[in-house]
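Asks: Residues 0 to 331 (our numbering) are what the sequence shown spells out, left to right.
Handing you a structure now.
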Amino acid sequence: MTSTVPRQPVKLGDLIEGQTAAHLAVAADDLGWWQQQLYRGEDIVPTTGLQRALSKALERLGWLEPGTEGYRLTGEGYEIAYNRGFVRVATRGWTPTFQQVGVAATTGDMIPARTDPHAVARGCTDIARRHPETLQAIAVRIAGDVHPGSTVDLGCADGGRLQIIGEFGLSEKLVGIDIEAGVIEAAQQRLAGLGFADRVRLRVGSVQPGEGLPAWLDDGIRRDVTTATSFNLMHQLATESGGIDKVLGAWQEWFPSLRRLVIGDVVLSDGARWHDQPWFAPTFEIYHELTGVRVWRHEEYLDAFASLGYKVVQCFDKDHEIMVTWIAERAA
Ligand SMILES: C[S@@+](CC[C@H](N)C(=O)[O-])C[C@H]1O[C@@H](n2cnc3c(N)ncnc32)[C@H](O)[C@@H]1O
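Here it is in structure tokens:
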């Protein structure tokens with residue numbers, strides 16, 4: 000399913016300068032420079048010594064060039080800015096895990112995932128914003144329901160996807176669940192500031208199937224949910240529960256009125272060597288191998304939908320060679 004543009008094997012220079020460049024890309028993102036150029040077209044005008052050093056380095060990297068009043072993106076820079084979420088997840092989000100490997104490997108077979116959850120959340124939402132048409136298609140399908148219900152995003156992180164779905168004018172009630180209390184707290188504040196407080200209910204809790212119903216699942220949510228979405232989490236939940244169908248089966252029990260599943264995830268790619276694979280695939284796969292999490296094939300998701308009586312009605316795979324979003328529905 001994955002086709003790959005041939006790349007060169009990673010060389011020493013890539014290793015050193017790539018690492019530094021990634022840090023600079025995230026720093027520029029912290030300053031909002033990429034968004035300023037991508038979405039507002041305003042030149043980047045450095046105002047401090049650090050900003051001048053950063054912009055000079057980005058110019059020497061070939062990502063910025065002199066504009067009318069300051070700096071603007073080059074073609075290469077646009078590519079980095081557009082995909083900045085991946086850089087943030089790999090550079091900031093997963094560093095706490097990669098930092099443990101050498102020491103843990105003297106005795107251990109795997110390491111627990113340690114992340115910067117805020118960096119993962121922000122990076123994932125920036126990744127989602129690259130292709131709003133995927134979320135728009137979901138909003139259109141939900142809006143077409145004869146009997147409106149609620150949409151729950153399982154593993155919602157900073158609520159970014161719920162916000163994007165809501166921005167498409169959907170009147171459906173929205174619910175978000177995430178295990179990271181700090182991320183949910185920050186999401187509450189951010190969404191309230193954007194006027195979403197009344198539309199989105201956020202809860203802290205796990206969406207991993209276990210014994211009985213989860214504590215966060217009140218009667219109202221249980222009764223109302225007709226659409227369940229989950230992005231970039233199923234591979235992890237399915238590893239722990241012993242299959243994608245096990246997780247989906249439990250969610251079906253949690254939400255008896257559920258009739259639409261929207262699952263987005265990163266699938267296993269082809270290619271024996273890192274440079275035979277699409278970019279990000281090697282990073283994603285080794286991160287999960289180290290933490291004992293399986294990455295699943297496209298067909299395994301399709302089998303799981305079918306086993307529960309769901310039919311895939313739309314599939315989006317143009318976002319990235321290894322990222323797929325399926326909309327699957329079943330008769331009410
Ligand atoms: C890779 S991020 C994906 C974020 C978001 N769904 C997206 O793709 O834009 C995975 C998210 O799932 C959350 N998470 C991990 N395990 C969870 C669990 N058992 N229950 C609920 N949320 C969980 C993490 O805190 C994180 O926010």
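Ideal Cβ placement from N, Cα and C applies to all residues, glycine included.
Treat the numbers as computed from the prediction; the structure is a model and nothing was measured.
Can you list every residue whose CB sits closer than 7 Å to some heavy atom of ligand 1, going in chain order?
Replies: 116, 119, 120, 123, 124, 126, 127, 152, 153, 154, 155, 156, 159, 160, 176, 177, 178, 179, 182, 204, 205, 206, 207, 229, 230, 231, 232, 235, 236, 263
Asks: From residue 326 to residue 49, what does the alpha carbon distance come to, in whole angstroms?
Replies: Straight-line Cα distance between these residues: approximately 46 Å.
Asks: If you run the structure through DSSP and keep just helix, strand and coil, what is residue 133?
Replies: helix
Asks: In the structure shown, what three-state DSSP assignment does residue 219 receive?
Replies: helix
Asks: Thinking residue 240 and residue 208 are a contact (beta carbons under 8 Å), I'd like their distance in whole angstroms, please.
Replies: Rounded to whole angstroms, the Cβ separation of residue 240 and residue 208 is 5 Å, and the two are in contact under 8 Å.
Asks: Can you check DSSP and say which residues form a bridge with residue 64?
Replies: 71
Asks: Are the beta-carbon atoms of residue 145 and residue 91 separated by less than 7 Å?
Replies: no
Asks: DSSP on residue 236, reduced to helix/strand/coil?
Replies: The answer is helix: DSSP assigns residue 236 an H, G or I state.
Asks: By DSSP's criteria, residue 313 is part of a beta bridge. Which residues make up the other side?
Replies: 326
Asks: Are the CB atoms of residue 173 and residue 190 within a distance shorter than 7 Å?
Replies: no
Asks: Straight-line CA distance for residue 290 to residue 264?
Replies: 17 Å
Asks: From 70, 46, 167, 112, pick the residue whose C-alpha is nearest to that of residue 134; which is it?
Replies: 167
Asks: May I have the straight-line CA-CA distance separating residue 306 from residue 251, to the nearest angstrom?
Replies: 12 Å
Asks: Specify the secondary structure class of residue 108 as computed by DSSP and reduced to three states.
Replies: The DSSP-derived three-state label of residue 108 is coil.
Asks: Measuring CB atoms only, is the segment 4–14 touching the segment 62–71, in the sense that at least three cross pairs come out at less than 8 Å?
Replies: no
Asks: Whole angstroms are fine: how far does the CA of residue 136 sit from the CA of residue 22?
Replies: 34 Å
Asks: Could you give the C-beta distance for residue 124 and residue 110, rounded to a whole number, given that I count them as a contact under 8 Å?
Replies: Contact flag wrong, Cβ pair sits at about 26 Å.
Asks: Under a three-way DSSP split, which group does residue 1 fall into?
Replies: Here the model assigns residue 1 a pLDDT of 46, short of 50, so the residue's position is not dependable and the matter cannot be decided.
Asks: I need the boundaries of the beta strand (DSSP E) containing residue 172, first residue and last residue.
Replies: Under the DSSP assignment, residue 172 falls in the beta strand (DSSP E) whose first and last residues are 172–177.
Asks: Let me know the secondary structure DSSP gives residue 115 once reduced to three states.
Replies: Reduced to three states, the DSSP call for residue 115 is coil.
Asks: Considering only C-alpha positions, which residue in the set 299, 194, 180 is nearest to residue 201?
Replies: 180
Asks: Between the segment 219–228 and the segment 278–298, are three or more C-beta pairs nearer than 8 Å?
Replies: no
Asks: Just checking residue 121 against ligand 3 - is the residue's beta carbon closer than 6 Å to any of the ligand's heavy atoms?
Replies: This structure simply doesn't include ligand 3; it includes ligand 1 instead.
Asks: Do the segment 150–161 and the segment 272–281 meet, that is, are 3 or more Cβ pairs less than 8 Å apart?
Replies: no
Asks: In angstroms, rounded to a whole number, what distance separates the CA positions of residue 40 and residue 88?
Replies: Whole-angstrom Cα-Cα distance: 25 Å.
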